[in-house]
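Read the structure below first, then the notes.
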Amino acid sequence: MSLVRNIQSAASGYVVGFVGIVLLLLFAKELLIPLAFALVLSLLLLPAVSWLQKRGISRKFAVLMMSALTCVILLGGAYVLSRQLLNVAETLPHYRANIEAKVGSLHSSAQRSLETAIALVEDVTGNLAGGPAAQTDAMPVRVVGTKSDQLLATEKLAGQVLYPLGEIFVVIIFTIYMLMNWDDLRHRLLLLAGMSNINLMTRALDDATARISRYLVMQLQVNACYGLLFGVGLAALGVPDATLWGVIAGALRIVPFVGTLTGMLLPLVLSIAVSSGWLVPLGVLGLFLLLEIPAVNFVEPWLFSSRTGISSLALLASAIFWSMLWGWPGLILSTPLTVCLVVVGRHVPQLSFLHSLLGTNAKLSPAAHLYERLLAMDQVEALSIAEKYLESKPLVKLYDSVIVPVLSLAEEDTHKGALDALQSKFVLLSMGELVARLTSYRSKASDDDRSDSSVKLDALRAPHQKEFAVVCLTAGGHATELTTLMLTQLIEREGHQTVMFMPDTISDDILSALAAEKDTVIFISALPPFAFAQARAVCQRVRTLMPDNRIAMALWGSTEDGEDLLERFGTKRPTVVLNSFSNAVRQVRSWRRATRNV
C-alpha cells in the first residue's frame, strides 16, 4: 500500500506541476511568444555572428550587420511577394468564366436533380408556412453608420495592421539584445543553476544550442531545395508565376503540416483557373505528392529526428500541443521548443521522463525487454529475444548483460512484493529452461571475449586439457542456482572438470578431501543484493577447511569495488572477488596458465 501511495503522490505532483506550467504558458503568451521567436532567430544567426567575430569584427558590429542583412532580406522578400500576389489577384478575375465552367462540369445530372428536388421542397414548405402575416410587406430598414462607428472601424483596422508590426519590432529588439549579450545570458543561467550543477547546465546549454542550430539550418536547406524543385516543376507544367509559388511553398514549410498544404493549394487554384482542362491541375497535385511523400516520410525523419533527437510521433504531438496554446506562432515554434524539453530531460535526472516520451531513443534494452515479456508470461517471445541477442553476441555476454539483470530484477521485485508467487515461478522456470537449452550452444563468437592473442593460441593448442577441477557452490535460492549453472557451463567450455553443489549438500569431509588437491578451485556463486550474508558464511566455512586452495567469490552484477568487498569478508576472505562471467572466464584462463608454468 505504501508503494501505491508513493506512486499516487508522485503522479499528483507531476499533474499539478504540468497544469501550473500550462497555465503560465497560456496567460503569459503575450510576452513568451516574442521571446521564443527572438531566441530561435538568435540561434539561427549565432553561427554567422561567431564566424564574423573570428574574422576580427567586433561582436556589436557583427550583430548589427547580420540584423540589418536579415531585415533587408525579409522586408525585400515580403515586398516582392506582396507585389506578385497583388498582380495575381488582379489577373485572377479574368479567368472567372473558365473557373465557372470547371465548377459546372463537376455537377452531374443526378446532383442537378437533387438540387431541383431540394428547391421544390423549400418552395412547398414556404407555401405551407405562409399566412396573412407572411403576405405583409416588410418595411426595409437601412442602418446608417455614424461618425463614431466609422472611427471605431478605422481604429480596429489600424490595430489589426499595427499589432503584427509591433510584435515583429519587439522580436527584432529581443533578438539584437540576445545576440549582443549572449555570453551574459549564459552566465546568468549558470549562476542560477549553482556551482554544484555548473557542469550539468553547461552540457545542457551546449547540447540545446547545437541541436536547435542544426535543426534551423537543415530546415532552411530542406525548404530551399523543396521550393526550388516545386518552382521548376510548376514552370514545366506551364503554371504562371512559378517562381513565386516555389518561394511561397518553401517559405510556408516552416509552419508544420498546415504550411505545406497552403503552399500547394495556391498554385493548384491558379492552375484550375488558367488551364482549359484538368491535366495541369492534376499535374500540380502529382508534383506536390511526388515531393511531399519522400520529404515527409524519408528526408525529414532522417534529418530532423536524428539531429534533434525527437521522434516523429513527438513532432506531431508537440505541433498540436503548442498550436492549441499559442496558435500559429506555437505551430512554428513547436519543434525548437520540444528540442529544449528533450535536452532538459536528457541532462536532468528528475525530468528524464521527457527524454523517454519525446526522444528517439525509446527502445528497451534486451534485459528490460526480456523481463517485460516474462512478466507478460510470453515465454515464446522471451526465448526469441535471447536467440536474437546471440546472433551478434557471444554466450558470456548474454549471461552478463541480459540474464543476470533479469534474475536480479526478479529477486528484487519478489522481495518487495511486486511479483506474486505465480509470476516469480514462471520467470525462474523460463530462465531455467533457457539456460538448459544453451548447454550445448556453440557460436562463432565464442572466442570474442578472449583478452589477448596468446590466450587464443593457448586454447587452440590444448583445448580439452583438464589441469584442475572446479567446484561451484551456490549461496542463495533458485535464481542464484541458475547463475551457478551458467558458470559451470562456461567453465566446462574451457576444458575443466566441474562439479556443482548446494552448500547444505556438501559435507565437511568432502571439503577436507578436496583440500588435499591444492589445485582445486572453489567458485562461490551469489546474486546480490540479498545473498551477501549467506555468501560470506559459505566462504568462511570453505576457507576454514581449505586454507590453501584458490577461492573465487562471484557476486554477479555487483558494482562495488573488489578490494572493498574483500575487506568485508574479514580474515577468511576469498582469493578474488568477481562480478561478471567474463571476468570469471578470464580468471580461470589465468589460473590455467599459472598451473602450466608450474
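Okay, so the sequence shown: first residue is 37 according to the working numbering, each after it adds one.
Ideal placement from N, C-alpha and C gives every residue a C-beta, glycine not left out.
None of these values were measured; they are calculated from a predicted model.
Apart from the five residues just before and just after VAL51, which ones in its own chain have a Cβ nearer than 8 Å to its Cβ?
none
Looking at the unbroken beta strand (DSSP E) that takes in PHE266, where does it start and where does it end?
Looking at the DSSP string, PHE266 is not in any beta strand (DSSP E); the run it does join, the alpha helix (DSSP H), is 234-273.
Identify the continuous beta strand (DSSP E) that holds ALA64 and give its terminal residues.
Looking at the DSSP string, ALA64 is not in any beta strand (DSSP E), and its letter there is neither H nor E.
Cα-Cα separation, VAL379 to ILE290
22 Å
I need the straight-line Cα distance from THR580 to ASN235, nearest angstrom please.
50 Å
Alpha helix (DSSP H) containing THR534: first to last residue?
No alpha helix (DSSP H) contains THR534, which is instead part of the beta strand (DSSP E) from 534-537.
Are VAL320 and LEU264 closer than 9 Å when you measure CB to CB?
no
Could you say if the segment 410-425 and the segment 458-469 meet the contact criterion of at least three C-beta pairs nearer than 8 Å?
yes
Is MET538 buried or exposed, if buried means 16 or more other CB atoms sit within 10 Å of its CB?
exposed
Using C-beta distances below 6 Å, list every residue in its chain close to LEU226, excluding the 5 sequence neighbours before and after it, in chain order.
ILE234, MET237
Provide the residue span of the alpha helix (DSSP H) that contains SER359, from first to last.
Run containing SER359: 348-362, per the alpha helix (DSSP H) assignment.
GLY395 bridges to which residues according to DSSP?
Answer by DSSP bridge pairing, in chain order: ILE346.
Label ARG224 either buried or exposed according to how many other C-beta atoms from any shown protein chain fall within 10 Å of its C-beta, with 16 as the threshold for buried.
exposed
Out of VAL535, GLU203, LEU256, state which residue places its alpha-carbon closest to the alpha-carbon of GLU336.
LEU256
DSSP on MET413, reduced to helix/strand/coil?
coil
In the DSSP assignment, find the beta strand (DSSP E) that holds LEU431 and state where it starts and stops.
No beta strand (DSSP E) contains LEU431, which is instead part of the alpha helix (DSSP H) from 431-434.
Exposed or buried, which one is SER616 when buried takes at least 16 other CB atoms within 10 Å?
buried
When DSSP labels each residue in this structure, what does PHE504 get in the three-state scheme?
coil
For MET589, the first and last residue of its enclosing beta strand (DSSP E):
586-591
Considering only the beta carbon of each residue, do LEU302 and PHE324 sit closer than 9 Å?
no
For the beta strand (DSSP E) that contains ILE558, what are its first and last residues?
557-562
Could you tell me the distance, in whole angstroms, from the CA atom of LEU61 to the CA atom of LEU68?
Roughly 7 Å separates the two Cα atoms.
According to DSSP, what are the bridge partners of THR510?
SER561
Around the Cβ of ASN333, are there at least 16 other Cβ atoms within 10 angstroms (buried) or fewer (exposed)?
exposed
Can you tell me which of the three DSSP states VAL16 falls into?
The structure shown does not extend to residue 16, since the chain is modelled only from 37 to 634, so the question has no answer here.
How many angstroms separate the CA atom of PHE205 from the CA atom of LEU270?
Distance between the alpha carbons of PHE205 and LEU270 is about 35 Å.
Can you give me the start and stop residues for the alpha helix (DSSP H) that LEU326 sits inside?
315-330
Helix, strand or coil for THR211 per DSSP?
THR211 carries a helical assignment under DSSP once its states are collapsed to helix, strand and coil.
Could you give the distance in angstroms between the alpha-carbon of CYS376 and the alpha-carbon of ALA244?
6 Å
Could you tell me the alpha carbon to alpha carbon distance between ALA104 and VAL283, rounded to whole angstroms?
Looking at the two C-alpha atoms, the distance is approximately 22 Å.
Does the pairing of the segment 605-614 with the segment 580-593 give three or more beta-carbon distances under 8 Å?
Touching, yes.
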